[in-house]
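Protein sequence lines correspond, in order, to chains A and B.
Counting from 36, one number per residue, gives the positions in the first sequence under the numbering used here.
Counting from 875, one number per residue, gives the positions in the second sequence under the numbering used here.
Every residue gets a Cβ at the ideal spot worked out from N, C-alpha and C, and that includes glycine.
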Amino acid sequence: MTSSVISVARLVQVVQDLVEDNFTRVLVRGEISNVSRPASGHHYFSLKDDRAQLRCVQFRSAARLLRFDLEDGLEVICQGTLSVYGQRGDLQLIVERIDPVGQGSLQLAFQQLRARLEAEGLFASERKRSLPLFPATVGVVTSATGAAVQDILNVLRRRSCGLQVLLRPVAVQGNEAPQQIVDAIADLNREGSCDVLIVGRGGGSAEDLSAFNDERVARAIVASQRPVVSAVGHEVDVTIADLVADLRAPTPSAAAELVVRNRQDVAQHLDHLAARLDQVMLSIVDRLRMMLDQLERRLRSPRELLTRRMEVLSGTAVRLERAIHMQMERRNSRFGVLTARLEALSPLKVLARGYAVVHRRDDGRLLTDASQVVSGDRLDIDLARGTVSACVVDNDGSQPS
Amino acid sequence: MAGKKSYETTLKRLEKAVETLENGDLDLEKALKIYKGAVADVDSCRKALETAELEIRRLEKTDSGDFVKEAIDD
């Protein structure tokens with residue numbers, strides 16, 4: 036082999052041509068390390084295994100399409116072309132596409148975003164606001180043509196509870212979807228009449244739902260002044276939007292039910308309050324009535340007093356009458372005794388016992404002394420019954436009058 | 875909306891009235907006054923719950939950035 040001296044540039048150029056002609060499309064598996072993401076938008080990293088490593092670059096145009104974040108330690112398969120970076124003589128892989136090993140990139144992106152937002156505390160239950168008791172206006176962010184909006188409106192209509200719905204139609208899939216959803220949430224907040232927002236779409240593939248796993252959408256939901264109910268896909272689909280929303284509804288219909296459920300709860304609560312109100316008022320009135328009854332029983336009415344006085348009075352009158360009667364009786368019996376005694380003293384009674392009253396006939400003078408008469412005087416002797424005439428026959432002790 | 879705000883205020887007041895009546899040892903006049911107010915609150919809350927039909931509008935933004943709420947049938 037003839038050895039001719041060539042320049043570094045020439046040698047590197049030869050190697051570069053050799054490499055770039057023969058390794059136009061390689062698939063290489065390894066672990067990512069030394070990730071660098073400068074402002075230029077390009078990604079720089081190394082791909083390594085136990086024994087070797089390879090410098091890699093992913094230019095901005097390709098980097099933009101990457102769904103997940105490049106992280107050290109991530110096991111990936113890179114697709115690209117091998118190249119030699121002439122100024123440094125470095126071998127490098129110009130990466131077109133990166134796929135995580137063992138899972139899809141969407142799934143990985145989901146996990147990464149989920150971990151990051153969780154670390155920020157955006158899923159914390161303390162952050163979640165409760166839905167308004169009595170929403171008057173509900174903002175709905177979804178596709179105008181999808182099944183979701185019809186499901187939501189059907190539920191709200193069936194409940195017929197006088198709600199206003201402010202619909203903000205958006206694309207729910209495709210590249211435009213995340214930004215439209217973000218703008219819709221912001222606009223509904225700025226417009227200000229909504230009490231609660233429903234953000235969501237009907238079911239679809241993981242790719243279809245990916246707008247709801249977009250970080251911008253997640254942050255718009257977090258930033259919303261009004262509580263947000265997420266309603267994405269079917270029950271099994273859990274998106275980042277679901278995790279940051281104030282309330283996650285398994286489906287759009289369920290979201291509508293949740294929003295009006297409070298109204299129904301309020302109606303029930305109101306019935307309950309009304310019943311309690313009547314009951315408590317009745318018991319208050321009962322208690323007061325009982326107190327009143329007790330007081331009334333203790334209260335002596337003037338009439339009762341009067342009755343009692345009259346009873347006392349009539350009792351007294353009876354006693355008085357009885358007393359007078361007794362007095363009369365007593366007097367009467369004493370009168371009888373006195374009468375009897377008086378009677379006993381009557382001259383007639385004396386006569387009846389055999390005494391007599393003697394008068395001188397001439398002058399009718401009552402005789403009490405023998406000297407009042409002389410022999411020959413005529414006398415009248417009154418007896419108890421009848422009068423006898425007599426004549427004085429002898430008068431020993433007489434004195435002339 | 876003013877209606878909603880006043881509704882929630884009314885509901886709060888109603889709850890408080892029921893509790894006051896349940897807990898308090900009130901004289902009849904005071905109790906009746908509270909009761910009367912509470913019954914009126916129940917009525918106004920019921921009325922608020924029984925209002926009109928669903929109304930659907932679409933939020934549009936004009937070029938100048940103002941919001942327009944356009945009524946739609948569905």
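Whole-Å CB distance - residue i paired with residue j, under 8 Å assumed
{"i": "His77/A", "j": "Val54/A", "result": "Incorrect: roughly 20 Å between the Cβ atoms, too far for contact."}
{"i": "Phe103/A", "j": "Ala154/A", "result": "About 16 Å separates the two Cβ atoms, so there is no contact after all."}
{"i": "Val942/B", "j": "Glu934/B", "result": "5 Å"}
{"i": "Arg920/B", "j": "Leu327/A", "result": "With 8 Å as the limit, Arg920/B and Leu327/A do not qualify as a contact, their Cβ atoms being about 33 Å apart."}
{"i": "Asp412/A", "j": "Val427/A", "result": "5 Å"}
{"i": "Leu923/B", "j": "Ala302/A", "result": "5 Å"}
{"i": "Val231/A", "j": "Val264/A", "result": "6 Å"}
{"i": "Arg400/A", "j": "Asp415/A", "result": "Their Cβ separation, rounded to whole angstroms, is 11 Å, which puts Arg400/A and Asp415/A out of contact at 8 Å."}
{"i": "Ser259/A", "j": "Asn210/A", "result": "Actually they are not in contact, since the Cβ atoms of Ser259/A and Asn210/A sit about 23 Å apart, beyond 8 Å."}
{"i": "Leu402/A", "j": "His394/A", "result": "7 Å"}
{"i": "Glu896/B", "j": "Val207/A", "result": "With a Cβ gap of about 50 Å, Glu896/B and Val207/A do not count as contacting."}
Own chain partners of residue i with C-beta closer than 6 Å, once the 5 adjacent residues on each side are dropped
{"i": "Lys163/A", "result": "Asp281"}
{"i": "Phe58/A", "result": "Leu117"}
{"i": "Ala945/B", "result": "Arg931"}
{"i": "Ser436/A", "result": "Because Ser436/A sits at a pLDDT of 47, beneath the cut-off of 50, its placement in the model cannot be relied upon, and the following sentence gives the value as read from the coordinates. Contacts found: none."}
{"i": "Gln407/A", "result": "none"}
{"i": "Ala291/A", "result": "Ile187, Val190 and Leu191"}
{"i": "Gly65/A", "result": "Leu82, Lys83 and Asp84"}
{"i": "Val63/A", "result": "Cys113"}
{"i": "Asn297/A", "result": "Leu166 and Leu168"}
{"i": "Ser938/B", "result": "none"}
{"i": "Glu110/A", "result": "Glu66 and Val136"}
Proximal residues of chain E, C-beta to C-beta of residue i below 7 Å
{"i": "Lys943/B", "result": "This model lacks chain E altogether, as its protein chains are A and B."}
Neighbour list for residue i in chain A, Cβ cutoff strictly below 9 Å
{"i": "Glu903/B", "result": "None at all; the shortest Cβ gap to chain A is about 10 Å."}
9 Å Cβ cut-off: residues of chain B touching residue i
{"i": "Ala258/A", "result": "Here the premise fails: no neighbours, minimum Cβ distance about 18 Å."}
{"i": "Leu117/A", "result": "Residues of chain B passing the Cβ test: none, with the nearest at roughly 50 Å."}
{"i": "Leu305/A", "result": "Leu885, Leu888, Val916, Cys919, Arg920 and Leu923"}
Proximal residues to residue i (C-beta, below 8 Å), its chain only, five neighbours per side dropped
{"i": "Gln185/A", "result": "none"}
{"i": "Pro382/A", "result": "Val392"}
{"i": "Val40/A", "result": "none"}
{"i": "Glu270/A", "result": "Pro285 and Thr286"}
{"i": "Leu152/A", "result": "Phe158, Glu250, Ala253, Ile275, Leu278 and Val279"}
{"i": "Leu906/B", "result": "none"}
{"i": "Val43/A", "result": "Gly124"}
{"i": "Ala289/A", "result": "Ala266"}
{"i": "Tyr390/A", "result": "none"}
Proximal residues of chain B, C-beta to C-beta of residue i below 8 Å
{"i": "Pro204/A", "result": "Arg932"}
{"i": "Arg296/A", "result": "Within 8 Å Cβ-Cβ: nothing; Arg296/A doesn't reach chain B, min ~13 Å."}
{"i": "Arg164/A", "result": "Under the 8 Å cutoff, chain B gives no residues; its nearest Cβ is about 15 Å from Arg164/A."}
{"i": "Leu82/A", "result": "Within chain B, no residue comes near Leu82/A; the closest Cβ sits about 47 Å away, beyond 8 Å."}
{"i": "Leu198/A", "result": "Leu928 and Glu929"}
{"i": "Leu100/A", "result": "Within chain B, no residue comes near Leu100/A; the closest Cβ sits about 30 Å away, beyond 8 Å."}
Within chain B, partners of residue i - CB distance below 7 Å
{"i": "Arg192/A", "result": "Leu928"}
{"i": "Ala309/A", "result": "Val916"}
{"i": "Ala302/A", "result": "Leu923"}
{"i": "Leu128/A", "result": "Within 7 Å Cβ-Cβ: nothing; Leu128/A doesn't reach chain B, min ~46 Å."}
Neighbourhood of residue i by C-beta distance below 7 Å, restricted to the same chain and skipping five residues each side
{"i": "Thr894/B", "result": "Ile908"}
heavy atom of the ligand ATP below 7 Å from residue i C-beta
{"i": "Arg388/A", "result": "This structure lacks the ligand ATP, and indeed carries no ligand of any kind."}
Closer than 8 Å, Cβ to any Cβ of chain B: which residues of the stretch 224 to 254 of chain A, in chain order?
So the close ones are Arg225, Glu226, Ser228 and Asp230.
If contact means a Cβ-Cβ distance below 8 Å, which residues of the stretch 911 to 939 of chain B contact chain A?
So the close ones are Ala912, Val913, Val916, Cys919, Arg920, Ala922, Leu923, Glu924, Thr925, Ala926, Glu927, Leu928, Glu929, Ile930, Arg931, Arg932, Leu933 and Lys935.
Across the stretch 194 to 205 of chain A and the stretch 170 to 180 of chain A, are there enough close Cβ pairs to call them in contact, namely three or more that are closer than 8 Å?
The stretch 170 to 180 of chain A and the stretch 194 to 205 of chain A touch, with three or more beta-carbon pairs separated by less than 8 Å.
Does the stretch 117 to 127 of chain A touch the stretch 214 to 225 of chain A, meaning 3 or more C-beta pairs lie closer than 8 Å?
By the Cβ rule, the stretch 214 to 225 of chain A does not count as touching the stretch 117 to 127 of chain A, because fewer than three pairs are nearer than 8 Å.
For the structure I just gave you, are there three or more beta carbon pairs, one from the stretch 395 to 412 of chain A and one from the stretch 120 to 139 of chain A, closer than 8 Å?
No, the stretch 395 to 412 of chain A does not touch the stretch 120 to 139 of chain A.
Can we say the stretch 232 to 248 of chain A touches the stretch 257 to 268 of chain A, given the rule of at least three CB pairs closer than 8 Å?
Because the criterion of three Cβ pairs below 8 Å is met, the stretch 232 to 248 of chain A and the stretch 257 to 268 of chain A touch.
Give the residues from the stretch 206 to 221 of chain A that approach chain B closer than 9 Å (Cβ to any Cβ), ordered along the chain.
Interface annotation for the stretch 206 to 221 of chain A against chain B: Asp218 and Ala219, criterion Cβ-Cβ distance under 9 Å.
May I ask you to list, following chain order, the residues of the stretch 339 to 370 of chain A that have a beta carbon less than 8 Å from some beta carbon of chain B?
Cβ contacts with chain B: none found.
Chain B contacts from the stretch 315 to 333 of chain A (Cβ-Cβ distance under 8 Å):
From the stretch 315 to 333 of chain A, only Val315, Met316, Ile319, Val320 and Leu323 have a Cβ closer than 8 Å to chain B.
For the stretch 271 to 297 of chain A, list every residue whose C-beta sits within 7 Å of some C-beta in chain B, in sequence order.
Residues: none.
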